[in-house]
Each structure stands twice: as C-alpha cells, then as structure tokens.
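Trainee:
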Amino acid sequence: MISCNNDEDENVENNNEIILFSEQARVVGYLPTWRFALTDKIDFCKLTHINIAFGNPMVDGTIQLSNQSAISSLEQLINTAKSQNSSIKFYISLAGGVLSTQVADTWKNFLQIVKIDQN
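Read in my numbering, the sequence shown has 102 at position 110, and its numbers run on one by one without any break.
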C-alpha cells in the first residue's frame, strides 16, 4: 500500500525493506478534461506525470482544450496537484483522431509554428 504520507506506507515485508520507487521510475496519469471534477479524489503525490486529454491545435499555434469548461478547472487542477507534489509534470495529449481537410491544414500550420519556435 502506497500513500501520500510516508508514515502510512507499508515499507517492510518479511523484515526486508521494499523500495517503492527508484529515481528513474515514472508513474503517469491520464486525465481527460471531462474528468476534472474528480481532482479531489486523485493522490497526485503518487504520480510523476499527468497527460491532459485532449488539446486541439488552433490556426494561430495555440492549444485549446477540447472541453472549454475545463479551461477554468485546469488552473485548479494544477494548483491541487502541485500542492501535493511540487515536482509533478504536466503534458497535453493532442487530439486529431479524425482529420478533415480543414483540421489537417490547421495541424500543418501548427507544426510549422512549433518548428519555427524550436529554431
């Protein structure tokens, strides 16, 4: 059993110490925007990374969350997670499972903007 409080962890089994995580271990959570309401039920201290699903690239190169009501909840989500785990990292999973011609053109533009920003 792993908890957010080290005092509650069961670190010993058969008098042998169990190492719960190595420095290289990654525990990745996947959180869709429509589940942001569950933020208070997540033990962020057990995670090293969170992928937010889904973001959509816009023509101007910005990312828009697929659920617009989630934008205001995103800041609360990040603050809650960081209060439990200051080293947690956030990533955005980009949408794009269905590509119309218009969406494909948006992606081309987005990728061009990202490429320019990296140089």
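Backbone N, C-alpha and C fix where the C-beta goes; we use that ideal spot for every residue, glycine too.
When you compare only the Cα positions, how much space is there between residue 100 and residue 42?
Mentor: So the alpha carbons of these two residues sit roughly 26 Å apart.
Trainee: Helix or strand or just coil, what does DSSP make of residue 79?
Mentor: If DSSP states are grouped into helix, strand and coil, residue 79 belongs with coil.
Trainee: Pick from 50, 69, 80: whose alpha carbon is nearest that of residue 17?
Mentor: Of 50, 69, 80, the residue nearest in Cα terms is 80.
Trainee: By the 10 Å Cβ neighbour count, where 16 or more other Cβ atoms means buried, how is residue 86 classified, buried or exposed?
Mentor: Looking at its Cβ environment, which holds fewer than 16 other Cβ atoms inside 10 Å, residue 86 is exposed.
Trainee: Report yes or no: do three or more beta-carbon pairs, one from the segment 23 to 43 and one from the segment 90 to 98, lie closer than 8 Å?
Mentor: With the cut-off at 8 Å, the segment 23 to 43 and the segment 90 to 98 do not touch.
Trainee: Please list, in chain order, all residues of the same chain as residue 24 whose beta carbon is under 6 Å from its beta carbon, the five residues on each side excluded.
Mentor: Counting only Cβ-Cβ distances below 6 Å, and skipping sequence neighbours, we find 45.
Trainee: Excluding the 5 residues preceding and the 5 following residue 65 in the sequence, name in chain order all residues of the same chain whose CB lies nearer than 7 Å to its CB.
Mentor: The answer, listed in chain order, is 28.
Trainee: The beta strand (DSSP E) that contains residue 20, what's its start and end?
Mentor: Here the beta strand (DSSP E) through residue 20 covers 20 to 24.
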